[in-house]
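Novice:
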Amino acid sequence: MQDLSANPKFISIEGISRRYPKSGGGTTTIFEDLWFSMRKGEFACVIGHSGCGKTTVLNILNGLDAPDDGAAIVDGRAIEGPSLDRAVIFQGHSLLPWRTVLGNVAYAVAARHRDWPRAKVQAHAMAFIEKVGLKGSELKKPSELSGGMKQRVGIARALSIEPKMMLMDEPFSALDALTRGTLQDEVRRICLETGQTAFMITHDVDEAIYLADRIVLMTNGPQAMVAEIVENPLPRNRVRTEIHHHPDYYAIRNHLIDFLVFRSKTFKDAIPAGYDRRHPPVVRPAASGSTAPSGSRAA
Amino acid sequence: MTISPNLRASVLSLTILLVFLAAWQIATLGGSGPASNIDPEYAKLMGQQVTQGKSAMPGPLDVAKTIWGHLKDPFYDKGPNDKGLGIQLAYSLGRVLLGYALAVLLAIPLGFLIGMSPLISKALDPFIQVLKPISPLAWMPLALYTIKDSGISAIFVIFICSVWPMLLNTAFGVSAVRKEWLNVARTLEVGPVRRAFTVILPAAAPTILTGMRISIGIAWLVIVAAEMLVGGTGIGYFVWNEWNNLSITNVIVAIFVIGVMGMLLDQTLARFQRAVTYPD
Numbered sequence: 002m003q004d005l006s007a008n009p010k011f012i013s014i015e016g017i018s019r020r021y022p023k024s025g026g027g028t029t030t031i032f033e034d035l036w037f038s039m040r041k042g043e044f045a046c047v048i049g050h051s052g053c054g055k056t057t058v059l060n061i062l063n064g065l066d067a068p069d070d071g072a073a074i075v076d077g078r079a080i081e082g083p084s085l086d087r088a089v090i091f092q093g094h095s096l097l098p099w100r101t102v103l104g105n106v107a108y109a110v111a112a113r114h115r116d117w118p119r120a121k122v123q124a125h126a127m128a129f130i131e132k133v134g135l136k137g138s139e140l141k142k143p144s145e146l147s148g149g150m151k152q153r154v155g156i157a158r159a160l161s162i163e164p165k166m167m168l169m170d171e172p173f174s175a176l177d178a179l180t181r182g183t184l185q186d187e188v189r190r191i192c193l194e195t196g197q198t199a200f201m202i203t204h205d206v207d208e209a210i211y212l213a214d215r216i217v218l219m220t221n222g223p224q225a226m227v228a229e230i231v232e233n234p235l236p237r238n239r240v241r242t243e244i245h246h247h248p249d250y251y252a253i254r255n256h257l258i259d260f261l262v263f264r265s266k267t268f269k270d271a272i273p274a275g276y277d278r279r280h281p282p283v284v285r286p287a288a289s290g291s292t293a294p295s296g297s298r299a300a
Numbered sequence: 041m042t043i044s045p046n047l048r049a050s051v052l053s054l055t056i057l058l059v060f061l062a063a064w065q066i067a068t069l070g071g072s073g074p075a076s077n078i079d080p081e082y083a084k085l086m087g088q089q090v091t092q093g094k095s096a097m098p099g100p101l102d103v104a105k106t107i108w109g110h111l112k113d114p115f116y117d118k119g120p121n122d123k124g125l126g127i128q129l130a131y132s133l134g135r136v137l138l139g140y141a142l143a144v145l146l147a148i149p150l151g152f153l154i155g156m157s158p159l160i161s162k163a164l165d166p167f168i169q170v171l172k173p174i175s176p177l178a179w180m181p182l183a184l185y186t187i188k189d190s191g192i193s194a195i196f197v198i199f200i201c202s203v204w205p206m207l208l209n210t211a212f213g214v215s216a217v218r219k220e221w222l223n224v225a226r227t228l229e230v231g232p233v234r235r236a237f238t239v240i241l242p243a244a245a246p247t248i249l250t251g252m253r254i255s256i257g258i259a260w261l262v263i264v265a266a267e268m269l270v271g272g273t274g275i276g277y278f279v280w281n282e283w284n285n286l287s288i289t290n291v292i293v294a295i296f297v298i299g300v301m302g303m304l305l306d307q308t309l310a311r312f313q314r315a316v317t318y319p320d
């Protein structure tokens, strides 16, 4: 096998479908024949309206759910259930409230390294608690923490098992704007430092632009599909407080918002010629000559 | 004007107690002189209390004196019908704790199973619904017939009455564990057994302890009735025996002791409950 960093399909979602039985008989197809892939070390965001199956895709990736058709492949192996290789940061912080901060992180570390002695587990957990800036609060219970601190613990817990990839389900949606900003900075810093592969669901267009290398656009459900994949034109060393001055910033932002407001609804009815489910079109919006279809639809 | 609410409550409690004791004392002071229009046969049968016009109901001072007497020598044993209050209480407590322990051993694992498996929950539901409302004492004849030992029968009755609240609360607590906590454990590849002990048990512990607290209360209620039926030893038997002796004083003492003991049992479990409760 070749070098993994060069593998364009470190994560590969291949033709997955998910259907639920309807209450009055028959089935509802959430999404069908979905394809896309991610490189190692890449940060991908999925954007789409509620009900398009974003969370289902994430749950298939973390192994809590299974596709009805197709397969999700990570590092050359099909996903068959949850794995410590894929850490999840949940929407609600989902910390165990009877454990302290240290206890919550150590629980994950002990699950990863079953043979480690207690002291080693705790030292390892403490290192990650420090990494998210919670040193001094390690003996507090989650109920004594603010929303942002709880989510930091969730991040520390996910990082502490040193996974091959991180899966995040709208991790910052319940936080205030200021806290969200600092946590986005931390997640970006940590992912860049450690070369972490990350897959995040979000509703927040600015969050996607700041964090993601590529943004997957999903149409409305049922029968949701990947409309296109947007490449982020902003430089990799972007700074959150300055990105809105970048010439390409409004190109990508308008493109994403156009999609959420109009095209997510209409895409299915007017599928562009040459659209291939296996290879959704890749778009790179830029200030000068965007390849995106735009303008006319917003009128 | 900075008296703490606790102190004020204590003062009020004490006042209520004193008023109650005073009312009791006044109510039992008795009539005026010997009763005259009583059938002499009946008077002979009933003794001084009736003929002298003194109420058979003892006053608080009589009861206090008797309590003091029992406290001085709680463990004497002068044959089957005259044992110290401490011995009787110990018998009752032993039966309750034994029956209760057996109930814990059955109810908590079974409750776990019911809570985790919707199939078992549905399958066992009709049995539980029918068995739960049966008065525990209704089992007594059946227990006496099959077990052929009155002591063990009493323990069985305690077992059967304390099983239900624990069973139902455990099942409810286990089935209501938040899915996100279970998902955390699943994504960390924590196995089912470890998951049961590290996630489900601590998450359901407050609910389980609530069930255990209800159960110990019911068990303590039932033991008195059971021992009245079974006889021989125990605080319930003591009450019935003293009623047959027409010693209302001792009956009142026993009632008081039953209350205090029940409170202690409840408080013990309340302490455990506080220890496992987590703020959400």
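Read top to bottom, the protein sequences are chains A and B.
Heads up, the numbering used here is the position in the first sequence plus 1, with the first residue counted as 1.
Heads up, the numbering used here is the position in the second sequence plus 40, with the first residue counted as 1.
Every residue, glycine too, gets a C-beta built ideally from N, C-alpha and C.
1. Does B:D117 get closer than 9 Å to chain A when you measure Cβ to Cβ?
2. Give the straight-line distance between the Cα atoms of B:Y131 and B:L101, rounded to the nearest whole angstrom.
3. Listing by chain order, which chain A residues have their CB less than 8 Å from the CB of B:R311?
4. What number of angstroms, rounded off, separates the C-alpha of B:P246 from the C-alpha of B:F312?
5. Would A:R153 and A:G134 qualify as a contact pair, given that the criterion is a beta-carbon distance under 9 Å?
6. Between the C-alpha atoms of A:L140 and A:L160, what's the straight-line distance to the nearest angstrom?
7. Start and end of the beta strand (DSSP E) containing A:D70?
8. Pick out whichever of A:S138, A:W99 and A:K269 has its Cα sitting closest to the Cα of B:T238.
9. Report yes if the C-beta distance between A:I61 and A:P68 is below 9 Å; otherwise report no.
10. Suppose you measure from the CA of A:L5 to the CA of A:A209; what does that come to, to the nearest Å?
11. Would you kindly work out how many angstroms separate the C-alpha atoms of B:M156 and B:R234, rounded to a whole number?
12. Can you find at least 3 beta carbon pairs, one from the region 227-247 of chain A and one from the region 276-292 of chain A, that sit closer than 8 Å?
13. Can you tell me the Cα-Cα spacing of A:V10 and A:A72, whole angstroms?
14. Hey, could you find the ends of the alpha helix (DSSP H) B:W260 is sitting in?
15. What does DSSP give as the partner residue(s) for A:E229 in the beta ladder?
16. Give a yes or no on whether 9 Å exceeds the smallest Cβ distance from B:A243 to chain A.
17. Going along chain A in order, which residues have a C-beta closer than 8 Å to the C-beta of B:V230?
18. Are the beta-carbon atoms of A:M219 and A:A213 separated by less than 9 Å?
19. May I ask you to list, following chain order, the residues of the region 210-225 of chain B that have a beta carbon less than 9 Å from some beta carbon of chain A?
20. Quick one, which residues of the region 146-175 of chain B are near chain A if we go by CB-CB under 7 Å, in chain order?
21. What distance in whole Å lies between the Cβ atoms of A:I202 and A:T57, which are believed to be in contact at a cut-off of 8 Å?
22. Going along the chain, which residues of its own chain have a beta-carbon closer than 7 Å to the beta-carbon of B:A183, five neighbours each way excluded?
23. Counting only the same chain and skipping the five closest in sequence on each side, list residues whose C-beta sits under 6 Å from that of B:E267.
24. 9 Å is my cut-off, CB to CB: does A:I162 come that close to chain D?
25. Rounded to the nearest angstrom, what separates B:I127 and B:V103 at their Cα positions?
26. Could you give the residue range of the alpha helix (DSSP H) that holds A:A128?
27. Pull up the DSSP beta-bridge partners for A:V284, would you.
28. Report back the beta-carbon spacing between B:V6 and B:P176 to the nearest angstrom; my notes put them in contact at under 8 Å.
29. Listed from N- to C-terminal order along the chain, which residues in the region 72-90 of chain A have their beta-carbon within a distance smaller than 9 Å of any beta-carbon of chain B?
Specialist: In terms of the structure at hand:
1. Locating residue 117 of chain B in the second sequence gives position 77, where the first residue counts as 1. No, B:D117 does not count as interfacial toward chain A.
2. Counting from one through the second sequence, the residue named residue 131 of chain B turns up at place 91. Counting from one through the second sequence, the residue named residue 101 of chain B turns up at place 61. B:Y131 and B:L101: Cα-Cα distance of roughly 28 Å.
3. Translated into the one-based positions of the second sequence, residue 311 of chain B becomes position 271. Near B:R311 there are no residues of chain A at all, since even the closest Cβ is about 17 Å away, more than 8 Å.
4. Taking the second sequence and counting its residues from 1, the one referred to as residue 246 of chain B is at position 206. Taking the second sequence and counting its residues from 1, the one referred to as residue 312 of chain B is at position 272. Roughly 9 Å separates the two Cα atoms.
5. Counted from its first residue, the first sequence places residue 153 of chain A at position 152. Counted from its first residue, the first sequence places residue 134 of chain A at position 133. Result yes, Cβ atoms of A:R153 and A:G134 sit closer than 9 Å.
6. Here residue 140 of chain A refers to the residue found at position 139 when the first sequence is read from its first residue. Here residue 160 of chain A refers to the residue found at position 159 when the first sequence is read from its first residue. In a straight line, the C-alpha of A:L140 is about 19 Å away from that of A:L160.
7. To locate residue 70 of chain A, count along the first sequence from 1; it is residue 69. Note, A:D70: beta strand (DSSP E), D70 to V75.
8. What you label residue 238 of chain B is simply residue 198 of the second sequence in a count that begins at 1. Comparing Cα-Cα distances from B:T238 to each of A:S138, A:W99 and A:K269, the minimum goes to A:W99.
9. Here residue 61 of chain A refers to the residue found at position 60 of the first sequence. Here residue 68 of chain A refers to the residue found at position 67 of the first sequence. In contact: A:I61 and A:P68 (Cβ atoms closer than 9 Å).
10. Along the first sequence, one-based indexing puts residue 5 of chain A at 4. Along the first sequence, one-based indexing puts residue 209 of chain A at 208. Low confidence applies to A:L5: its pLDDT is 46, below 50, so where it sits in the model is not reliable, and the reading given next is rough at best. The alpha-carbon atoms of A:L5 and A:A209 are separated by roughly 25 Å.
11. The residue given as residue 156 of chain B occupies position 116 in the second sequence. The residue given as residue 234 of chain B occupies position 194 in the second sequence. Each residue's Cα considered, the two are about 14 Å apart.
12. yes
13. Translated into positions along the first sequence, residue 10 of chain A becomes position 9. Translated into positions along the first sequence, residue 72 of chain A becomes position 71. Per the sequence presented here, residue 10 of chain A reads as Lys, with Val not at that position. Straight-line Cα distance between these residues: approximately 13 Å.
14. Here residue 260 of chain B is taken as the residue at index 220 of the second sequence, counted from 1. Segment L241 to V270, the alpha helix (DSSP H) holding B:W260.
15. Locating residue 229 of chain A in the first sequence gives position 228, where the first residue counts as 1. Answer is A:L218, bridged to A:E229.
16. Along the second sequence, read from residue 1 onward, the residue named residue 243 of chain B stands at position 203. Closer than 9 Å to some Cβ of chain A, the Cβ of B:A243 qualifies, so yes.
17. Counted from its first residue, the second sequence places residue 230 of chain B at position 190. Chain-order list of chain A residues neighbouring B:V230: A112, by C-beta distance under 8 Å.
18. Position 218 of the first sequence, counted from the start, is the residue given in the question as residue 219 of chain A. Position 212 of the first sequence, counted from the start, is the residue given in the question as residue 213 of chain A. Cβ atoms of A:M219 and A:A213: not closer than 9 Å.
19. From the region 210-225 of chain B, only R218, E220, W221, N223, V224 and A225 have a Cβ closer than 9 Å to chain A.
20. none
21. Position 56 of the first sequence holds residue 57 of chain A. Position 201 of the first sequence holds residue 202 of chain A. Not confirmed; about 10 Å, so no contact.
22. Taking the first residue of the second sequence as 1, we reach residue 183 of chain B at position 143. Correct list, in chain order: S193, F196 and V197.
23. Start at 1 with the first residue of the second sequence, and residue 267 of chain B comes out as number 227. Cβ neighbours of B:E267 beyond the five flanking positions: G274, G276 and Y277.
24. No chain D is present in this structure, whose protein chains are A and B.
25. Numbered from 1 along the second sequence, position 87 holds the residue referred to as residue 127 of chain B. Numbered from 1 along the second sequence, position 63 holds the residue referred to as residue 103 of chain B. Their backbone Cα atoms lie some 19 Å apart in a straight line.
26. Counting from 1 along the first sequence, the entry for residue 128 of chain A is found at position 127. It spans R119 to K132 - the alpha helix (DSSP H) in which A:A128 sits, taken as one unbroken run.
27. As a first step, residue 284 of chain A must be located in the first sequence, where it is residue number 283. For A:V284, which the question treats as bridged, DSSP gives the partners A:V231.
28. An answer regarding residue 6 of chain B cannot be provided, because it is not within the stretch 41 to 320 covered by chain B.
29. G82, P83, S84, L85, R87, A88 and V89
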